[in-house]
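*Asks:* Quick one: the structure is below, and I'll ask about it shortly.
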Amino acid sequence: MIKMVLRGVLVLVAIVCVVILMMGLMSRRLPDLKLWHRVVLQEEFRAKNAPPGMTFDDYLTREQQVFDELDAKVYQQMPPEEQLPYNRFYHKSYSFPDNFARNWNRSFELIPTSPIRGGVLMLHGLTDSPYSNHALAQVLYEHGYYVLGLRYPGHGTIPSGMMQCSWEDWEAAAKMALEHVRKKIGDARPLYLCGYSTGGSLALKMTFDALSEQRKTADKVFLFSPAIEVSPFGVLADWYKPIGWLPFFEKSPWKDVNPEYDPFKYNSFANHAGGEVYKLANIVQGQVEDLRKKGLLAQAPPIIAFQSVVDTTVVGSALVKKLYGKLEPNNSKLVIFDVNHDPQVEPFIKTPYKSVFSQFEAYEQPLPFELTIVTNATTQTPEVVAETRKAGEKTFQKTPLSMSWPSQVYSLSHVSLLFPPDDPLYGGIETRALPASFKIGTLTPKGELSVLNVSIQQLMRLRYNPFFDYLTQQVLTEMQK
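Sequential numbering of the sequence shown, starting at 1, is according to UniProt numbering.
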């Protein structure tokens, strides 16, 4: 019997070794790694090395040291063959972050001159930078809110940073930033958490930690395409570690190696980073269940979330199944952006994406949260309405929005919610971020298949929200209640 067990174990180990070897060989097909995939920035913040009593001001000092190191090790070491017009790491390129009016890869503060109405901490997504929050931050600042946009460790510099950072690093930085916001606004003013994608799961973890420890939470939590659940393959994210140290398999830590033309978001993706989001999302799911069993979930602050019904980055349905469906009535709201049902577009949309309402009609009992679906006014027009069902009710009420789907846009996307149509980089209106520079949001390359070294899917992905004004108005309304 023991021999059979040992034989089975050996067979299993052999299978695992073969799979890892095969995946390692497949990774060699990726494009060659560049300077920014190999350099390690030693000055980057790590939670395990943080000195006791470290403040957010200390974090900003460390952040400056990181960017100084980036300049010395990457910007000033750029080989001639990489001095290209759209290489974000070449100081004369159109994509070089410091050539914009502001380098949004760094943490930022927006401090109103008029009396402060409240404070907002904004948390960005994986491989992103504070730029993903800057448009909403500007709106909130103009309405009298102090806004802090945090840069996570490993982000905003070079893609190799995603190979060392952890969710614990992100959380430690966010906790320092949250304490900084509270000190800036005082205890009498409201404090809000805004989290996009990974920032959404991080905002929830911090909120649920406070509930568990009976500490004061944020007054409201705003989520945008939150990473409540991601691909289950995230559990295998660190598969490469047994072989990744070998030069022959140096590409194995990478899922994607792409040209870095985006000044404020990495195009290359490290496997390790996906695994960290997977861990964080699972922790949040566990917190929801634990708080529900202890009867503490009823004390959670209102959660206001915005989600595209189609999302290839996170599991959008988990937002209801693993969060909203478990909440107690507490004035939480969920806004879902439907696909475009205009007759010129809908015939090309796959059937499973056409029935967002049926997902909620399946619930026999009224929901404990307010649900709004932004959808076509009728199946014959691109004009949209907000169909809202109050918490505890079963019928929807329509509100015209005086907005329409743009031509040829069939849905929103994970990355589009927080960018307005006139965003200088990702918007759909033909403005220019810099003289003679390209605009990512309006790229429409044409040609034969399998020619470009960037996927067509990446170029086609919508990068702005045609209903951004509606989203900002909803956020402001909730903050001003």
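Virtual Cβ for every residue (Gly too), placed ideally from N, Cα, C.
Assuming Ser95 and Asp262 make a contact with CB atoms under 8 Å, what is their CB distance in whole Å?
*Replies:* Indeed, because the Cβ distance is near 7 Å, the residues count as touching under 8 Å.
*Asks:* Report yes or no: do three or more beta-carbon pairs, one from the stretch 271-280 and one from the stretch 300-307, lie closer than 8 Å?
*Replies:* These segments do not touch.
*Asks:* Using only alpha-carbon positions, find the residue among Glu69, Arg463 and Ile20 that is nearest to Glu43.
*Replies:* Minimum Cα distance to Glu43 is reached at Glu69.
*Asks:* Just to check my reading of the structure: Lys322 and Glu229 have Cβ atoms closer than 8 Å, yes? What is that Cβ distance to the nearest angstrom?
*Replies:* The pair is a contact, with the Cβ atoms about 6 Å apart (cut-off 8 Å).
*Asks:* Please identify the residue among Arg117, Thr378 and Ala391 whose C-alpha is closest to the C-alpha of Ser404.
*Replies:* Here the closest residue by C-alpha is Thr378.
*Asks:* Which residues does DSSP pair with Gly118 in a beta bridge?
*Replies:* Beta-bridge pairing links Gly118 to Tyr145.
*Asks:* Any chance the stretch 367-386 sits against the stretch 395-404, with 3 or more Cβ pairs inside 8 Å?
*Replies:* A contact exists between the stretch 367-386 and the stretch 395-404.
*Asks:* Give the straight-line distance between the Cα atoms of Phe89 and Val39, rounded to the nearest whole angstrom.
*Replies:* Cα to Cα, the separation comes out at about 13 Å.
*Asks:* For Val235, count neighbouring C-beta atoms within 10 Å of its own C-beta (all shown protein chains included) and say buried if the count is 16 or more, exposed if not.
*Replies:* Exposed: under 16 other Cβ atoms inside 10 Å.
*Asks:* May I ask which residues mark the beginning and end of the beta strand (DSSP E) holding Ala305?
*Replies:* Segment Ile303 to Ser308, the beta strand (DSSP E) holding Ala305.
*Asks:* When burial is assigned at 16 or more other CB atoms within 10 Å of the CB, is Val74 buried or exposed?
*Replies:* Buried.
*Asks:* According to DSSP, which residues form a beta bridge with Glu370?
*Replies:* Answer is Lys333, bridged to Glu370.
*Asks:* Name the DSSP beta bridge partners of Trp254, please?
*Replies:* DSSP lists Ala270 as partners of Trp254.
*Asks:* At what residues does the beta strand (DSSP E) containing Tyr192 begin and finish?
*Replies:* Its beta strand (DSSP E) spans residues Leu191 to Tyr196.
*Asks:* Given a threshold of 16 other Cβ atoms within 10 Å of its Cβ, counted over all protein chains shown, does Glu250 qualify as buried or as exposed?
*Replies:* Buried: at least 16 other Cβ atoms inside 10 Å.
*Asks:* Closer than 6 Å by C-beta to Thr388: which residues in its own chain qualify, once you throw out the five before and the five after it? Chain order, please.
*Replies:* Counting only Cβ-Cβ distances below 6 Å, and skipping sequence neighbours, we find Thr372 and Gln397.
*Asks:* Please go through the same chain and pick out, in chain order, the residues whose beta-carbon is closer than 6 Å to the beta-carbon of Leu193, but skip the five residues on each side of it.
*Replies:* For Leu193, where only same-chain residues beyond five positions count, the Cβ hits under 6 Å are Leu121, Ala203, Ala218 and Val221.
*Asks:* Exposed or buried, which one is Ser212 when buried takes at least 16 other CB atoms within 10 Å?
*Replies:* With fewer than 16 Cβ atoms within 10 Å of its Cβ, Ser212 is classed as exposed.
*Asks:* What's the call for Trp104, buried or exposed, on a 16-neighbour Cβ count within 10 Å?
*Replies:* Trp104 comes out buried.
*Asks:* Quick one: measure Cβ to Cβ for Ala173 and Tyr59, integer angstroms, because I've assumed they're closer than 8 Å.
*Replies:* Contact holds; Cβ gap of about 6 Å.
*Asks:* What are the partner residues of Ala386, as DSSP defines its beta bridges?
*Replies:* Ala386 pairs with Val374 and Thr399.
*Asks:* Tell me whether the beta-carbon of Leu462 lies closer than 9 Å to the beta-carbon of Leu452.
*Replies:* No, the pair does not count as a contact, with Cβ atoms beyond the cut-off.
*Asks:* In this structure, does DSSP put Lys183 in helix, strand or coil?
*Replies:* The answer is helix: DSSP assigns Lys183 an H, G or I state.
*Asks:* May I have the straight-line CA-CA distance separating Lys390 from Ser332, to the nearest angstrom?
*Replies:* In a straight line, the C-alpha of Lys390 is about 10 Å away from that of Ser332.
*Asks:* Among Leu327, Glu260 and Asn258, which one has its Cα closest to the Cα of Gln287?
*Replies:* Closest option to Gln287, Cα to Cα, is Leu327.
*Asks:* Rounded to whole angstroms, what's the CA-CA distance from Thr157 to Cys17? Just pull it up for me.
*Replies:* For Thr157 and Cys17, the distance between alpha carbons rounds to 34 Å.
*Asks:* Going straight from the alpha carbon of Asp338 to that of Phe45, what length do you get?
*Replies:* Approximately 40 Å between the Cα atoms of the pair.
*Asks:* Buried or exposed: which applies to Phe233, given that a residue is buried once 16 or more other Cβ atoms fall within 10 Å of its Cβ?
*Replies:* Exposed, since its Cβ has fewer than 16 Cβ neighbours within 10 Å.
*Asks:* Whole angstroms are fine: how far does the CA of Met54 sit from the CA of His91?
*Replies:* Approximately 33 Å, taken between the alpha carbons.
*Asks:* Enumerate in chain order the residues of its own chain whose CB-to-CB distance from Leu148 is below 6 Å, with the five nearest sequence positions on each side excluded.
*Replies:* Correct list, in chain order: Glu109, Leu121, Ala177 and Val181.
*Asks:* Helix, strand or coil for Ser160, going by three-state DSSP, please let me know.
*Replies:* If DSSP states are grouped into helix, strand and coil, Ser160 belongs with the helices.
*Asks:* Specify the secondary structure class of Ser404 as computed by DSSP and reduced to three states.
*Replies:* Ser404: strand per DSSP, three-state reduction.
*Asks:* Given Ser93, which residues of its chain have a CB within under 7 Å of its CB, disregarding the five upstream and five downstream residues?
*Replies:* Taken in chain order, the residues that qualify are Leu84, Pro85, Tyr86 and Asn87.
*Asks:* For Asn49, count neighbouring C-beta atoms within 10 Å of its own C-beta (all shown protein chains included) and say buried if the count is 16 or more, exposed if not.
*Replies:* By the neighbour-count rule (16 or more Cβ atoms within 10 Å), Asn49 is not buried but exposed.
*Asks:* Comparing C-alpha positions only, which one of Asp423, Asp57 and Gln408 sits nearest to His341?
*Replies:* Checked all of Asp423, Asp57 and Gln408; the closest Cα to His341 is Gln408.
*Asks:* Quickly, what does DSSP pair Lys439 with across the bridge? List them, please.
*Replies:* Lys439 is not bridged to any residue.
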